[in-house]
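**Q** Residue numbers (this note's numbering): 304 to 724. Heads up, the beta-carbon is just placed ideally off N, CA and C, and yes, glycines get one too. What follows is a single structure, and I will ask about it in a moment.
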Ligand code: NAP
């Protein structure tokens with residue numbers, strides 16, 4: 304791996320690698336693509352290094368050495384803040400724009416002060432408008448009773464909502480101006496010790512997400528797309544999200560979809576070749592996800608609710624150590640594990656690297672189109688778990704399993720990839 308941290312002029316593509324191309328909305332993928340890698344903070348370096356080992360092996364085995372990924376190392380988060388004075392150096396952003404694809408570890412965000420989230424900034428500057436998070440069971444121990452019936456994909460809006468970062472501390476000039484404006488213009492009084500945040504949700508951002516989710520669901524033969532929102536209370540943001548979502552479904556996909564009320568008379572039977580589109584209120588969505596996850600397939604959410612829905616979904620299959628997501632824009636994608644930096648596990652060889660490994664598989668499948676290598680990784684994860692190879696986060700839900708360390712689990716997985724190839 305090569306790379307320069309703060310200055311884009313110090314970045315050199317690995318010799319032998321080629322860039323991905325992009326034209327008319329389609330990526331072209333060489334057999335020797337360069338992929339950016341950000342190891343991240345906390346457990347990030349351990350789990351991302353593990354993912355690189357497994358991805359390299361799976362690509363080598365699946366294509367008998369005729370394809371290879373070249374990694375270009377970049378920095379972001381705490382490490383970048385310390386070295387470059389910013390958690391998201393321009394060099395990192397420019398390099399991802401250039402190579403188009405990145406595998407990213409978790410990045411630390413200080414709570415209640417300090418620098419702003421580099422994750423959120425990265426999604427915004429690269430316009431990675433959709434976070435796609437598949438949640439399924441690989442056979443791992445979990446306290447949930449029906450994990451085998453969980454197979455969901457959460458499409459979460461990634462650039463707006465309360466995550467847009469329009470937020471001011473209670474004692475700032477901006478918050479004071481804002482409170483005064485609300486009072487003088489609209490007669491709305493907020494107490495002088497009120498911090499404020501703004502929740503923007505636009506038709507454009509909502510509809511490009513819903514368009515992506517519906518076309519993805521149709522292409523992959525998924526049967527249901529559920530719009531999750533709290534439109535009863537936040538009428539002009541989340542309510543509008545639902546309305547604009549139906550506008551796309553009915554305006555652009557009418558011959559491919561059917562609405563819930565249209566199949567009521569048939570007891571909910573979805574006609575062949577159609578995707579059912581329905582919606583659920585946020586609170587009901589979260590409880591139904593736990594009670595009857597099998598009634599849900601693709602779930603489309605605004606940003607904040609999407610964070611909660613995807614975390615609850617992850618819990619059903621044993622937690623965030625087993626779930627990955629991909630942040631998609633037009634011609635650019637960043638895959639990452641669902642979890643954060645888990646500081647208490649950092650440097651202790653106890654973290655579960657599977658989420659990062661699955662993030663690598665997602666990149667291979669969804670961006671490069673290297674399905675054989677992605678399938679091999681997923682099959683190997685299933686086989687590793689079947690043999691009782693798991694890290695501590697999962698071993699605690701089984702009575703007879705001795706947990707492996709991050710490195711030992713990775714070695715076992717690499718061996719299984721070789722064996723299954
Ligand atoms: P977290 O890092 O996901 O960790 C929460 C808990 O989940 C851990 O203490 C650990 O708990 C378990 N866990 C998470 N990942 C694991 C793994 N790979 N293997 C084993 N156990 C794992 O969430 P957090 O503590 O709320 O956040 C910590 C930092 O991460 C914050 O700075 C936050 O902003 C950041 N974060 C970053 C991202 C991102 O980069 N996309 C996402 C979320 C959070 P037990 O050992 O008790 O089970």
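1. Just checking: is the beta-carbon of residue 432 within a distance shorter than 8 Å of some beta-carbon in chain C?
2. Which of the three DSSP states is assigned to residue 530 in this structure?
3. Rounded to whole angstroms, what's the CA-CA distance from residue 305 to residue 315? Just pull it up for me.
4. For the ligand NAP, I want to know if residue 647 counts as a neighbour, meaning its beta carbon is within less than 7 Å of at least one of the ligand's heavy atoms.
5. So what does DSSP say about residue 359, is it helix, strand or coil?
6. Does the segment 311 to 329 come close enough to the segment 622 to 630 that 3 or more CB-CB pairs lie under 8 Å?
7. Helix, strand or coil for residue 631? Go by DSSP, reduced to three states.
8. Counting pairs of Cβ atoms below 8 Å between the segment 608 to 622 and the segment 455 to 469, do you hit three or more?
9. What does a CB cutoff of less than 7 Å around residue 622 pick up in its chain, not counting 5 residues either side in sequence?
10. Name the DSSP beta bridge partners of residue 581, please?
11. Taking DSSP as the reference, what is the three-state secondary structure of residue 449?
12. Along the beta strand (DSSP E) that carries residue 324, what are the first and last residues, could you check?
13. What residues are listed by DSSP as bridge partners for residue 560?
14. Got a sec: does the ligand NAP put a non-hydrogen atom nearer than 7 Å to the Cβ of residue 694?
15. Roughly how many angstroms lie between the CA atoms of residue 409 and residue 488, to the nearest whole one?
16. Since residue 432 and residue 511 are thought to touch, with beta carbons under 8 Å apart, how far apart are those beta carbons, to the nearest angstrom?
17. Indicate, with yes or no, if the ligand NAP has a heavy atom lying under 7 Å from the CB of residue 405.
18. How would you label residue 533, buried or exposed, when you count the other beta carbons within 10 angstroms and need 16 or more for buried?
19. The ligand NAP and residue 437: does the residue's C-beta get closer than 7 Å to at least one heavy atom of that ligand?
20. Say yes only if the C-beta of residue 461 is nearer than 7 Å to one or more non-hydrogen atoms of the ligand NAP, and no if none qualify.
21. Quick check on the DSSP output: what are the complete beta strand (DSSP E) runs of length 3 or more inside the segment 608 to 685, in order along the chain?
22. For residue 588, count neighbouring C-beta atoms within 10 Å of its own C-beta (all shown protein chains included) and say buried if the count is 16 or more, exposed if not.
23. Report the residue ranges of all alpha helix (DSSP H) runs contained in full by the segment 364 to 450; include only those spanning at least 4 residues, in chain order.
24. Pick from 506, 654, 343, 556: whose alpha carbon is nearest that of residue 517?
25. Where residue 605 and residue 535 are concerned, what is the direct C-alpha to C-alpha distance, given to the nearest angstrom?
26. Using only alpha-carbon positions, find the residue among 702, 644, 668 that is nearest to residue 380.
27. Within the chosen definition, does the segment 673 to 693 reach the segment 414 to 421 through at least 3 CB pairs nearer than 8 Å?
28. If you compare alpha carbons, which of 484, 503, 478 is closest to residue 497?
29. Roughly how many angstroms separate the alpha carbons of residue 396 and residue 429, rounded to a whole number?
30. Could you check what DSSP says for residue 304 in three-state terms: helix, strand or coil?
31. Since residue 321 and residue 311 are thought to touch, with beta carbons under 8 Å apart, how far apart are those beta carbons, to the nearest angstrom?
32. Taking 8 Å as the threshold, find out whether the segment 468 to 485 comes into contact with the segment 446 to 456 through three or more Cβ pairs.
**A** Reading it off the structure:
1. Within the model displayed, chain C is absent; a lone protein chain is all it includes.
2. strand
3. Unreliable placement is indicated for residue 305, whose pLDDT of 43 sits below 50; the coordinate value is still reported in the next sentence. Approximately 7 Å between the Cα atoms of the pair.
4. Yes; taking the cut-off as 7 Å, the Cβ of residue 647 has a heavy atom of the ligand NAP nearer than that.
5. helix
6. no
7. Note: residue 631 maps to strand in three-state DSSP.
8. These segments touch.
9. 696
10. In the DSSP output, where bridge partners are listed per residue, residue 581 has 529.
11. coil
12. 324 to 326
13. 578
14. yes
15. 42 Å
16. 6 Å
17. no
18. buried
19. no
20. Flag unset: Cβ of residue 461 not near the ligand NAP.
21. Listed in chain order, the beta strand (DSSP E) runs fully inside the segment 608 to 685 are 627 to 631, 636 to 640, counting runs of at least 3 residues.
22. buried
23. Fully enclosed alpha helix (DSSP H) runs of 4 or longer: 381 to 387, 393 to 402, 421 to 428.
24. 556
25. Between residue 605 and residue 535, the C-alpha separation is close to 14 Å.
26. 644
27. no
28. 478
29. Each residue's alpha carbon lies about 8 Å from the other.
30. Residue confidence is low: residue 304 scores 39 on pLDDT, short of 50, so the model does not pin down where it sits. Its coordinate-derived value is still stated next. Note: residue 304 maps to coil in three-state DSSP.
31. The pair is not a contact, with the Cβ atoms about 19 Å apart (cut-off 8 Å).
32. no
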